[in-house]
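Chemist: Just so it is clear: in the sequence shown, position 164 is 173 by the numbering used here, and no numbers are missing.
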Amino acid sequence: SYGLSEEGNFEGRNIPVRAAEPADAAALERARGALLARRAERVAPATDTKILAAWNGLAASALAEAGAILERTDWIDAAERAMDFVFDALVIDGRLMRSYREGVVKHLGYSEDYAAVLEASVALFEPTFEFRWLERARWIADEAIRLFHDRDAGGFYSTGSDATPLVRRPKDLQDNAVPSANSVMALELQKLSLLTGRQEYESIAIGTMRLTRELMERAPLAFGHVLGALDFYTGDPVEVVVVGDQKGADTQALLACVSEKWQPNKVLVVTDAPEEHSGSIPLLQGRTKIEGRATAYVCRHGRCELPVVEVDALRAQLAGR
Numbered sequence: 010s011y012g013l014s015e016e017g018n019f020e021g022r023n024i025p026v027r028a029a030e031p032a033d034a035a036a037l038e039r040a041r042g043a044l045l046a047r048r049a050e051r052v053a054p055a056t057d058t059k060i061l062a063a064w065n066g067l068a069a070s071a072l073a074e075a076g077a078i079l080e081r082t083d084w085i086d087a088a089e090r091a092m093d094f095v096f097d098a099l100v101i102d103g104r105l106m107r108s109y110r111e112g113v114v115k116h117l118g119y120s121e122d123y124a125a126v127l128e129a130s131v132a133l134f135e136p137t138f139e140f141r142w143l144e145r146a147r148w149i150a151d152e153a154i155r156l157f158h159d160r161d162a163g164g165f166y167s168t169g170s171d172a173t174p175l176v177r178r179p180k181d182l183q184d185n186a187v188p189s190a191n192s193v194m195a196l197e198l199q200k201l202s203l204l205t206g207r208q209e210y211e212s213i214a215i216g217t218m219r220l221t222r223e224l225m226e227r228a229p230l231a232f233g234h235v236l237g238a239l240d241f242y243t244g245d246p247v248e249v250v251v252v253g254d255q256k257g258a259d260t261q262a263l264l265a266c267v268s269e270k271w272q273p274n275k276v277l278v279v280t281d282a283p284e285e286h287s288g289s290i291p292l293l294q295g296r297t298k299i300e301g302r303a304t305a306y307v308c309r310h311g312r313c314e315l316p317v318v319e320v321d322a323l324r325a326q327l328a329g330r
């Protein structure tokens with residue numbers, strides 16, 4: 010079951026792997042017990058117990074998006090709890106910090122921290138329908154622009170303007186094990202621009218993508234996330250507004266239609282009171298229900314289809330038919 014042999018399965022050593030389904034479950038349990046007993050004799054690796062703003066943002070984004078698609082509210086709740094902690098514990102005097110451990114907060118946040126927290130805030134706005142996440146997204150975006158944006162050459166520096174001066178402020182452009190701050194900002198600022206109507210966000214995102222234009226062409230595998238941002242820009246993103254009670258069956262049917270097909274290039278707003286938020290979200294201006302039923306509005310760059318209440322009609326509009 011573990012793929013072990015006399016010769017070894019990796020460079021002369023045996024590394025346990027799931028090689029095959031066990032023929033004898035009892036034998037497998039005995040083997041697991043023997044392995045655990047032998048492992049207990051070794052010095053356990055140290056545990057990294059610090060909490061990073063950036064990594065929590067990345068995790069919360071994934072949980073929020075997956076939770077919305079797979080209808081796992083527990084994942085969405087976990088994402089909310091993580092980001093509530095970040096905003097409560099790692100924001101000191103209006104400045105996002107990087108690290109928390111046992112009540113001690115250290116280090117000014119880098120641009121990757123701001124980018125990941127922005128991504129998580131935007132991701133949580135869609136499935137929770139809570140406008141506090143949009144407000145947090147706007148705040149973190151504005152602060153990131155103030156602290157890290159290079160207004161001359163474009164893009165975002167890694168360190169803030171309030172950090173210790175360096176001989177040369179670095180800019181992280183390449184997507185490695187995690188996406189670079191510039192790649193995340195290029196994508197999330199576009200989404201925020203559609204939601205808020207602020208063209209400045211999109212302009213900054215475009216300037217950020219220009220920094221990696223030639224690099225993307227030469228080594229696309231090293232710039233996967235910013236390629237997603239470029240695809241968002243060129244891919245005619247869809248703006249969807251659903252007006253209705255979030256818990257109503259008719260609203261849920263329209264939302265299920267929106268999520269039944271993976272469509273990364275979109276923004277979604279759900280509310281039963283569009284007039285209350287139309288000042289901050291232009292997409293909500295003039296949006297009302299039709300005959301008291303949950304109603305969907307589909308737009309692309311300001312070009313809007315007729316409002317619909319039927320799932321089939323919404324499906325056709327999302328497909329561009």
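C-beta atoms are modelled at their ideal positions from N, C-alpha and C, and glycine is treated no differently.
Per DSSP, which one or two residues make a beta bridge with M194?
Modeler: Position 185 of the sequence shown, counted from the start, is the residue given in the question as residue 194. DSSP, once it has assigned bridges, lists no residue as partnering M194.
Chemist: Just verifying my parser: in three-state terms, what is the DSSP assignment at Y166?
Modeler: Here residue 166 corresponds to residue number 157 of the sequence shown, with the count starting at 1. Of the three classes helix, strand and coil, the one that applies to Y166 here is coil, per DSSP.
Chemist: Once DSSP output is grouped into helix, strand and coil, what is the label at L13?
Modeler: Residue 13 sits at position 4 when you count from the first residue of the sequence shown. DSSP places L13 in coil when its eight states are reduced to three.
Chemist: I101 by DSSP, collapsed to three states: which one?
Modeler: Residue 101 sits at position 92 when you count from the first residue of the sequence shown. Residue state, collapsed to three classes: strand.
Chemist: Specify the secondary structure class of K256 as computed by DSSP and reduced to three states.
Modeler: For the purposes of this step, residue 256 is taken as the residue at position 247 of the sequence shown. In the structure shown, K256 sits in coil (DSSP, three-state: anything other than H, G, I, E or B).
Chemist: Which same chain residues end up closer than 6 Å to Y119 when comparing Cβ atoms and leaving out the 5 residues on each side of it in sequence?
Modeler: Sequence index remark: in the sequence shown, residue 119 carries index 110 (1-based). Cβ neighbours of Y119 beyond the five flanking positions: S167.
Chemist: Are the stretch 170-185 and the stretch 202-210 touching, with three or more C-beta to C-beta distances below 8 Å?
Modeler: In short, these stretches do not touch, since the Cβ pair count stays below three.
Chemist: Measuring only from the beta carbon, is L327 closer than 7 Å to any heavy atom that is part of the ligand MG?
Modeler: As far as ligands go, the structure on display features none, and thus does not contain the ligand MG.
Chemist: Out of P25, E152 and E314, point me to the one whose CA is closest to D171's CA.
Modeler: Taking the sequence shown and counting its residues from 1, the one referred to as residue 171 is at position 162. Nearest of P25, E152 and E314 to D171, Cα basis: E152.
Chemist: Sorted by chain position, which residues of the same chain lie with C-beta nearer than 6 Å to L293's C-beta, five sequence neighbours on each side aside?
Modeler: As a first step, residue 293 is located in the sequence shown; it is residue number 284 there, counting from the start. These residues qualify, in order along the chain: P283, H286 and S287.
Chemist: Do the stretch 42-54 and the stretch 67-78 touch if we need at least three Cβ pairs shorter than 8 Å?
Modeler: no
Chemist: So A129 and M92 are supposed to be a Cβ contact under 8 Å. How far apart are they, rounded?
Modeler: Stepping through the sequence shown from its first residue, residue 129 is reached at position 120. Stepping through the sequence shown from its first residue, residue 92 is reached at position 83. Right, their Cβ atoms sit about 5 Å apart.
Chemist: List, from N- to C-terminal side, the alpha helix (DSSP H) runs of 4 residues or more that fit wholly inside the stretch 196-223.
Modeler: 208-220
Chemist: According to the neighbour-count rule (16 or more other Cβ atoms, all chains shown, within 10 Å of its Cβ), is F232 buried or exposed?
Modeler: As a position in the sequence shown, residue 232 is number 223, starting the count at 1. Its Cβ being crowded by 16 or more others within 10 Å, F232 is buried.
Chemist: Any idea if I290 is buried or exposed, counting beta-carbon neighbours within 10 angstroms, 16 or more meaning buried?
Modeler: Locating residue 290 in the sequence shown gives position 281, counting from the first residue. With 16 or more Cβ atoms within 10 Å of its Cβ, I290 is classed as buried.
Chemist: For W305, list the residues DSSP reports as bridge partners.
Modeler: Reading the sequence shown from its first residue, position 296 is the one you call residue 305. At residue 305 the sequence reads Ala, which differs from the Trp that was named. Bridge partners of A305: V251 and V317.
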